Structures are given as structure tokens and as C-alpha cells.
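Residue numbers (full-length UniProt numbering): 1 to 266.
Below: the structure, in C-alpha cells.
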């Protein structure tokens with residue numbers, strides 16, 4: 001029996017026992033939920049965040065029967081620093097005879113303003129965090145996976161990987177690019193035993209959607225369009241993440257999986 005929440009077991013095909021997963025942006029929200037879900041499935045965790053204040057996530061990992069959990073810091077607005085941090089992690093793991101088996105690119109940001117009012121600084125910041133640092137870390141970790149002949153890479157995309165949105169031009173551009181990068185890397189690395197996929201969350205109750213949920217009219221309009229009749233929770237993404245990180249998804253590659261309560265089907 002693998003580690004799991006009380007009263008639960010993990011089906012063998014979904015077990016992450018013996019695997020090490022690096023999850024970015026793991027301090028709260030989607031990243032924290034995925035980290036806890038991976039712990040329940042048996043994985044050891046390396047958490048990469050802008051600062052080391054991850055006490056809540058570490059506690060959730062313990063409550064889910066988690067094993068080791070390391071914390072490393074990196075400024076995702078600095079892609080070169082993120083790439084260096086990734087290379088250091090690969091080297092540290094290799095020195096102990098281990099590797100990064102799973103990479104979850106979750107760190108992201110959003111800045112809301114009409115396109116005509118979006119500053120060059122805001123545009124660059126969002127692109128650096130959401131796209132350039134994702135690319136830098138994926139290249140660093142993914143290259144080692146290709147050399148080893150195995151690995152799982154999951155990037156958190158968005159509904160705005162498919163749609164245009166309103167007043168978020170940099171975010172939309174970055175999330176379209178993330179979906180394209182997922183497919184491009186799947187094409188190159190699939191034959192080496194590395195699966196590269198993405199999850200596109202719907203409207204989830206996180207810090208990034210605080211302003212939307214605080215606007216009563218906009219919140220109601222969004223919720224009314226969701227067939228599930230509610231906003232998503234970070235925990236709603238855990239099953240998809242465990243699936244894409246496990247052996248059960250070995251023949252799934254280059255896919256952007258929407259977890260949106262039915263939004264895109266509306």
C-alpha cells in the first residue's frame with residue numbers, strides 16, 4: 001500500500017512511490033494542493049518558490065503522509081536565476097544517486113490592465129515569470145530527463161491558452177505560448193521517454209482571481225457560465241496532476257487537459 005490519506009489507497013498505476021517531484025510556486029493555491037496530492041501518492045517533494053515561507057504547504061505534505069520535502073528559493077522574474085537553480089537541483093540529486101522524475105511548472109502571475117494601458121515593465125514581468133522562467137527550468141530539468149530516458153513534465157496553462165480574455169494581454173500571450181511549448185517539447189522529447197503535458201485550470205479560487213471574485217457582477221457572470229455551477233478549488237486539479245505524473249499517462253503526450261467545470265464546452 002502506498003502513502004495516502006486516511007482510509008484511502010493509491011492504485012498501482014497512479015503511485016508516485018520512489019519518485020521525486022519538483023513543484024514551483026508551491027507556497028499556496030494550486031501548487032500547494034498539487035504538492036500535497038503528490039505526497040499522498042507517495043512522492044518526495046522539492047518545492048521551489050520565491051521565498052521559503054512554505055510552512056502551510058509543508059504541514060499539508062505531512063498530513064498527507066509525505067516523505068522528504070526540500071525547499072529552494074528562486075525569483076521567477078529572473079529566468080537566468082531559475083535556470084541556475086534548476087541546474088543546481090539536478091546536480092544535487094545526481095550526487096545522491098537520484099533524479100527529478102516529475103516537474104510541475106506552476107509558478108505564475110497576472111497583471112490586469114487594458115492593453116493600451118499595459119506598461120512595458122508589466123508586460124515583461126508577466127512574460128518572464130509565466131513563460132521565460134518556465135522555459136528555462138524546463139530546459140534545465142528536461143535535458144537531464146532526456147539523457148536518463150524518463151520523466152514527466154506538467155505545466156499549468158489556463159483557459160486563456162485557448163481564449164483571449166479581457167484586460168490581461170501579457171497573461172494571455174504567455175499562456176498561449178505555454179500550450180505551444182508543451183506541444184513542441186512533446187514532439188522532441190517523446191521518443192526519449194519524457195512526457196510533456198499541461199493542465200488548463202478553469203476559474204479557480206486562488207490569489208490570481210481575488211479581484212474577479214470581489215466584483216459581484218463579474219463573479220456571478222463567470223459562475224453562471226460554468227456548467228458545474230461553482231468556481232473550482234485548487235484541490236480539483238490534483239487528480240489530473242497525479243494522472244499526468246504517473247505511469248498511467250505514459251502514452252499521453254503533448255496534451256493540454258482542461259479542468260474547468262465544463263467552461264470550454266459551454
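Positions of the beta carbon are idealized from the N, C-alpha and C atoms, including for glycine.
These figures come from a predicted structure and were not determined experimentally.
Which of helix, strand or coil does DSSP assign to residue i?
i	result
residue 234	helix
residue 251	coil
residue 154	strand
residue 73	strand
residue 130	helix
residue 51	coil
residue 63	helix
residue 246	coil
residue 187	helix
residue 178	helix
residue 164	coil
residue 98	coil
residue 2	The predicted model places residue 2 with a pLDDT of 44, which falls under 50 and marks its position as unreliable; any figure quoted below should be read in that light. In this structure, residue 2 counts as coil in the three-state DSSP scheme.
residue 8	Any answer about residue 8 is weak, because its pLDDT of 48 lies below 50 and its placement is not dependable; what the coordinates show is given next. The answer is coil: DSSP assigns residue 8 none of H, G, I, E or B.
residue 221	helix
residue 13	helix
residue 239	helix
residue 141	helix
residue 57	helix
residue 136	helix
Which residues mark the beginning and the end of the alpha helix (DSSP H) in which residue i is found?
i	result
residue 89	79 to 95
residue 39	29 to 40
residue 159	Premise fails: residue 159 is in no alpha helix (DSSP H) and is neither H nor E.
residue 214	210 to 214
Just list the residues that DSSP pairs residue i with in beta bridges.
i	result
residue 197	154
residue 44	20
residue 104	23, 154
residue 258	200
Check whether the Cβ atoms of residue i and residue j sit closer than 8 Å, and answer yes or no.
i	j	result
residue 170	residue 126	yes
residue 103	residue 138	yes
residue 72	residue 89	yes
residue 197	residue 257	yes
residue 58	residue 43	no
residue 46	residue 234	no
residue 157	residue 178	yes
residue 172	residue 155	no
residue 247	residue 199	no
residue 252	residue 264	no
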